[in-house]
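Numbering (the UniProt record's numbering), first residue to last: 1 to 334. Each residue gets a CB set at the ideal place from its N, CA and C atoms; glycine is no exception. Have a look at the structure below before the remarks.
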């Protein structure tokens, strides 16, 4: 830890971000571009005053907005990086595609990937002195990995945190779960032109901290609950069956095209993750390391013990490990 500027701590949050982070955030540039099917895609950027600093592109997970990444952006900026963050279509401040804006939906999963490609090629790269790094979380990990398969020379190195390479289906066998999704989608398409929520999914409703499976950090959890309460425009509910089907297809495509990955990738795995499938992460690392030994050292994910899904919003000890490993990975690939 001594080689890095100290990271922000939970005690500094106290249910609101400290003034130093707020001042940093207010100096950012917030803009948008027109993505696939004319959907407005919002983004944030923070450029160092010094010339020729390395760049990190943050690719958030499902439900997230770049507004949630103020603390992490500040910490990474303090280490000397330019920061760019994209808000995916259908969430955050970006355009929604359905009348019910609470529904998690995307027409094609590839639309996320194409948006990210445009963002990196037309907004990030022209403002960067060298190829950027990628730091992607959960669904963002799937999007980022698919992007790196389509554009194998665009990124210097990547960290994918708790990537959505497979879904955690609990006691239900994965094969049965996928059949259930397919049947529900077919029935939906026959009955209605409006995408339905998948079983058990509903409009946005905050979860009590004691029931959450995202983080052990009370102040960080409370911060983003308050953030979503204050900024209703970024609220998002559960997923539609169509979104699930598109995501399952994207995961399958990702594994079928794993040979196309040339970018050095580090996979951070949360040992207590029940949001995405850890076995899929293990399989990915084993296969990728065999093909590209510079990725997934020793052929396994870098496991962070006792952590829940959102490593960069965890308690200080767990979060600091995730940030430190990410920075060390980027520094190995200068």
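What is the residue span of the alpha helix (DSSP H) that residue 198 lies within? Reading the chain shown from its first residue, position 198 is the one you call residue 198. Here residue 198 belongs to no alpha helix (DSSP H), and DSSP marks it neither H nor E.
When you compare the CB positions of residue 138 and residue 97, do they come within less than 8 Å of one another, or not? In the chain shown, the residue the question calls residue 138 occupies position 138. In the chain shown, the residue the question calls residue 97 occupies position 97. Remark: C-beta atoms of residue 138 and residue 97 do not approach each other more closely than 8 Å.
Coarse secondary structure for residue 4, derived from DSSP in three states: Position 4 of the chain shown holds residue 4. If DSSP states are grouped into helix, strand and coil, residue 4 belongs with coil.
C-alpha distance - residue 75 paired with residue 250, whole-angstrom precision: The residue given as residue 75 occupies position 75 in the chain shown. The residue given as residue 250 occupies position 250 in the chain shown. Separation of residue 75 and residue 250 (C-alpha to C-alpha, rounded to the nearest whole angstrom) is 32 Å.
Beta-carbon proximity list for residue 36, same chain, < 7 Å, skipping 5 on both sides: The residue you call residue 36 lines up with position 36 of the chain shown. Cβ within range, chain order: 111, 114 and 115.
Is it right to say residue 82 is buried, meaning 16 or more other beta carbons lie within 10 angstroms of its own, or is it exposed? For the purposes of this step, residue 82 is taken as the residue at position 82 of the chain shown. Residue 82 is classed as buried because its beta carbon has at least 16 other beta carbons within 10 Å across all chains shown.
Identify, in the order they occur along the chain, each residue of the same chain with its Cβ nearer than 8 Å to the Cβ of residue 291, setting aside the five sequence neighbours on each side. As a position in the chain shown, residue 291 is number 291, starting the count at 1. Correct list, in chain order: 258, 259 and 261.
Taking just the CA atoms, how far does residue 177 sit from residue 145? For the purposes of this step, residue 145 is taken as residue 145 along the chain shown, with counting starting at 1. For the purposes of this step, residue 177 is taken as residue 177 along the chain shown, with counting starting at 1. Rounded to the nearest angstrom, the two C-alpha atoms are 24 Å apart.
Give a yes or no on whether the C-beta atoms belonging to residue 46 and residue 61 are separated by under 8 Å. For the purposes of this step, residue 46 is taken as residue 46 along the chain shown, with counting starting at 1. For the purposes of this step, residue 61 is taken as residue 61 along the chain shown, with counting starting at 1. When the beta-carbon positions are compared, residue 46 and residue 61 stay at least 8 Å from each other.
Measure the C-alpha to C-alpha separation of residue 92 and residue 190 and round it to an integer number of angstroms. In the chain shown, residue 92 corresponds to position 92, counting from 1. In the chain shown, residue 190 corresponds to position 190, counting from 1. A straight line joining the alpha-carbon of residue 92 with that of residue 190 spans about 30 Å.
From residue 303 to residue 318, what does the alpha carbon distance come to, in whole angstroms? Working through the chain shown from its first residue, we reach residue 303 at position 303. Working through the chain shown from its first residue, we reach residue 318 at position 318. Distance between the alpha carbons of residue 303 and residue 318: 11 Å.
I'd like to confirm the pairing. Which residues does DSSP put opposite residue 161 in its beta bridges? Here the question's residue 161 lines up with position 161 in the chain shown. Its beta-bridge partners are 137 and 268.
Taking only the alpha-carbon atoms, compute the straight-line gap between residue 1 and residue 239 and give it to the nearest angstrom. Looking up residue 1 in the chain shown gives position 1. Looking up residue 239 in the chain shown gives position 239. Annotation note: pLDDT 39 at residue 1 (below 50); position unreliable, coordinate value reported separately. The C-alpha of residue 239 is placed about 39 Å away from the C-alpha of residue 1.
Could you tell me whether the stretch 12-20 touches the stretch 215-225, using the rule of 3 or more Cβ pairs below 8 Å? Remark: three or more beta-carbon pairs, one from each stretch, lie closer than 8 Å, so the stretch 12-20 and the stretch 215-225 are flagged as touching.
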